[in-house]
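What follows is a single structure, written as structure tokens, with notes after it.
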Amino acid sequence: MKSLKALLAGIALAALTVPAMVAGAANAADYKAEYRLSTVLGKPFPWGIGGDRWAELVKEKTAGRINIKMYPGTSLVNGDQTKEFTALRQGTIDLAVGSTINWSPQVKELNLFSLPFLMPDHKALDALTQGEVGKKLFDLLATKDVVPLAWGENGFREISNSKHAIKAPGDLKGLKIRVVGSPLYLDTFTALGANPTQMSWADAQPALSTGAVDGQENPLTIFVAAKLATLGQKHLTLWGYVADPLIFVVNKEVWSSWSKEDQEAVRAAAVQAAAEEVAISRKGITAADDSLLKDIAAQGVEVVRLTPEQQKAFQTATQPVFDKWTKQIGPDLVKAAQTAIAAGK
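Residue numbers (mature numbering (1 follows the signal peptide of the UniProt record, and there is no 0)): -28 to -1, 1 to 317.
So this is what it looks like as structure tokens:
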């Protein structure tokens, strides 16, 4: 009798367990064979390294249930960086490591990081991305059909050109400078007397090579990896006027299709990949380690590091742009950012 009761109990337990196992298998079976990850830059740029690392970690942490292929050059939107966020919301793109600059036309609050001379250093940038301001921006993004997971970094954007050293606002007068597709950048460089020209990164490199544009602004890691010294960019000024955080995100529907276990695995992978990517993006450009700057100078590039007084002149010249865009971004958000930066000093 006891054996019969044990047998019946076992059958009952199996009846409860099998559907759960089948459901779990069905969920895995419903996953796409491949998920598409969009980035602007591929390897060897830190941006591409971060995206590639995220894909690698996701596969590892989900035991191969989620497979991601990276598509650099924003190839999923024909190279148009400013359309990436819209495509992500629509599901054309499954995941992205995206730039706050490129997504700012659709999410105006992300222009915060492009306010000229808001953030003096990495400590200030970290105070924003790792504090309440970063959380507010993630909460905002979460209402726009995406799930933000971690902050990465493209870096502080420095300016270079093929004509002469830039040490004062007047040195920019008349220079044709390639800028990203954001009206804020047009306003900033116009205020400095330059002739800003918007174009994708894919178009920028041949434009620099032919002299169609005189200069560009980008993080030092891009200056080196893209070999801009070979494209006539022999004058580089370190002015740190804006930074470009990256955001690791997943399309909301894609995220919802994964099990809770896999969601947490993807999140953990994003946090780890982002931390590694930030470390790479900062390597060689600090006071303790300036090896990247030395490499640039060794290529025959004149490197100018602005004094606080020289930088102040640029800040003063762009103050009207700062004030104008503060109204569009949201005065409360800008104030919160300024407070966080001041508290971190």
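Cβ atoms here follow ideal geometry from the backbone N, Cα and C, with glycine treated the same way. Because the structure is a prediction, the values reported are computed rather than measured.
Check for me: the beta strand (DSSP E) holding Q188 runs from which residue to which? As a working mapping, residue 188 is identified with position 216 in the sequence shown. Here the beta strand (DSSP E) through Q188 covers 187 to 190.
Bridge partners - F128, DSSP secondary structure assignment: Along the sequence shown, one-based indexing puts residue 128 at 156. A215, per the DSSP bridge assignment.
For Q102, does the three-state DSSP call read helix, strand or coil? Within the sequence shown, the letter at position 130 stands for residue 102. Three-state result, Q102: coil.
When we look at the beta-carbon of V(-7) and count the other beta-carbons within 10 Å, is it buried (16 or more) or exposed? The count along the sequence shown starts at 1 and reaches residue -7 at position 22. Note that V(-7) scores a pLDDT of 38, beneath 50, so its modelled location is shaky; the value from the coordinates is reported in the next line. V(-7) is exposed by the Cβ-count criterion.
Note down, one range per segment and in chain order, each alpha helix (DSSP H) of at least 4 residues found wholly within the region 132 to 175. 155 to 163
Give me the residue from A163, P155, L156, R129 with the minimum Cα distance to L144. Here residue 144 corresponds to residue number 172 of the sequence shown, with the count starting at 1. Considering only alpha carbons, the answer is A163.
With C-beta atoms as the reference, is S154 less than 8 angstroms away from G187? Position 182 of the sequence shown holds residue 154. Position 215 of the sequence shown holds residue 187. Going by C-beta atoms, S154 is not nearer than 8 angstroms to G187.
Do S253 and G127 have their CB atoms nearer than 8 angstroms? Numbered from 1 along the sequence shown, position 281 holds the residue referred to as residue 253. Numbered from 1 along the sequence shown, position 155 holds the residue referred to as residue 127. Yes, the pair counts as a contact, with Cβ atoms nearer than the cut-off.
How about E248: is its Cβ closer than 7 angstroms to a heavy atom in the ligand FMN? As far as ligands go, the structure on display features none, and thus does not contain the ligand FMN.
Taking the alpha-carbon of P280 as reference, which of K139, N223, A247 has the nearest alpha-carbon? Residue 280 sits at position 308 when you count from the first residue of the sequence shown. Cα-wise, what sits closest to P280 is K139.
Helix, strand or coil for S181, going by three-state DSSP, please let me know. Residue numbering aside, residue 181 sits at position 209 when the sequence shown is read from its first letter. Helix.
Give the straight-line distance between the Cα atoms of G51 and G106, rounded to the nearest whole angstrom. Taking the sequence shown and counting its residues from 1, one reaches residue 51 at position 79. Taking the sequence shown and counting its residues from 1, one reaches residue 106 at position 134. G51 and G106: Cα-Cα distance of roughly 27 angstroms.
Taking 8 angstroms as the cut-off, decide whether the C-beta atoms of Q53 and N83 are in contact. Position 81 of the sequence shown, counted from the start, is the residue given in the question as residue 53. Position 111 of the sequence shown, counted from the start, is the residue given in the question as residue 83. No, they are not a contact pair.
What would DSSP say about R37, mapped onto helix, strand or coil? Within the sequence shown, residue 37 is the residue found at index 65, counting from 1. Residue state, collapsed to three classes: coil.
On a CA-only basis, which of E130, L48, F294, D234 is nearest A35? Give me that one, please. The residue you call residue 35 lines up with position 63 of the sequence shown. Taking only the C-alpha atoms, the option nearest A35 is D234.
Look at A114 and R150 and say whether their C-beta atoms are less than 8 angstroms apart. As a working note, residue 114 is residue 142 in the sequence shown. As a working note, residue 150 is residue 178 in the sequence shown. No, they are not a contact pair.
Would you kindly report the start and end of the unbroken beta strand (DSSP E) that includes V69? Counting from one through the sequence shown, the residue named residue 69 turns up at place 97. Residues 67 to 71.
CA nearest to the CA of D98, picked from P77, W123, V118: One-based indexing of the sequence shown puts residue 98 at position 126. The shortest Cα separation from D98 among P77, W123, V118 belongs to W123.
In angstroms, rounded to a whole number, what distance separates the CA positions of Q170 and A259? Translated into positions along the sequence shown, residue 170 becomes position 198. Translated into positions along the sequence shown, residue 259 becomes position 287. If you take the alpha carbons of Q170 and A259, they lie about 32 angstroms apart.
Would you mind stating whether P120 and V238 have Cβ atoms separated by less than 8 angstroms? Along the sequence shown, one-based indexing puts residue 120 at 148. Along the sequence shown, one-based indexing puts residue 238 at 266. Between P120 and V238, the C-beta gap is not smaller than 8 angstroms, which leaves the two residues out of contact.
On the three-state DSSP scale, how would you describe F85? On the sequence shown, residue 85 is found 113 positions in, with the first residue counted as 1. The answer is helix: DSSP assigns F85 an H, G or I state.
Just reading off the beta strand (DSSP E) that T209 is part of, what are its end residues? For this step, residue 209 is matched to residue 237 along the sequence shown. Segment 207 to 210, the beta strand (DSSP E) holding T209.
Along the beta strand (DSSP E) that carries S293, what are the first and last residues, could you check? Working through the sequence shown from its first residue, we reach residue 293 at position 321. It should be noted that the sequence gives Val, not Ser, for residue 293. Per DSSP, V293 belongs to no beta strand (DSSP E); it is in the alpha helix (DSSP H), 291 to 301.
Identify whether S10 lies in helix, strand or coil by the three-state DSSP scheme. If you number the sequence shown from 1, residue 10 lands on position 38. Reduced to three states, the DSSP call for S10 is strand.
Using the three-state DSSP reduction, which class does N223 fall into: helix, strand or coil? As a first step, residue 223 is located in the sequence shown; it is residue number 251 there, counting from the start. Looking at N223 - three-state DSSP - the assignment turns out to be strand.
If you drop the 5 nearest sequence neighbours on each side, which residues of the same chain put their C-beta closer than 6 angstroms to that of K255? Along the sequence shown, one-based indexing puts residue 255 at 283. Hits under 6 angstroms: none found.
Where G212 falls, given that 16 or more other Cβ within 10 Å makes a residue buried: To locate residue 212, count along the sequence shown from 1; it is residue 240. G212 comes out buried.
Could you please give me the residues that DSSP links to W123 through a beta bridge? Taking the first residue of the sequence shown as 1, we reach residue 123 at position 151. Partner(s): I219.
Which of the three DSSP states, helix, strand or coil, is assigned to D304? Counted from its first residue, the sequence shown places residue 304 at position 332. Helix at D304.
Between the beta-carbon of K95 and the beta-carbon of G316, is there less than 8 angstroms? Counted from its first residue, the sequence shown places residue 95 at position 123. Counted from its first residue, the sequence shown places residue 316 at position 344. Taking 8 angstroms as the Cβ cut-off, K95 and G316 qualify as a contacting pair.
On the criterion of 16 or more Cβ atoms from any shown chain inside 10 Å, does I313 qualify as buried, or is it exposed? Sequence index remark: in the sequence shown, residue 313 carries index 341 (1-based). Buried, since its Cβ has 16 or more Cβ neighbours within 10 Å.
V196 - DSSP class collapsed to helix/strand/coil: As a first step, residue 196 must be located in the sequence shown, where it is residue number 224. Note: V196 maps to helix in three-state DSSP.
Output yes or no for whether 8 angstroms exceeds the beta carbon distance between N39 and K31. Against the sequence shown, residue 39 aligns to sequence position 67. Against the sequence shown, residue 31 aligns to sequence position 59. In contact: N39 and K31 (Cβ atoms closer than 8 angstroms).
Out of curiosity, what's the CA-to-CA distance linking L147 and Y157? In the sequence shown, the residue the question calls residue 147 occupies position 175. In the sequence shown, the residue the question calls residue 157 occupies position 185. Taking the straight line joining both Cα atoms gives about 14 angstroms.
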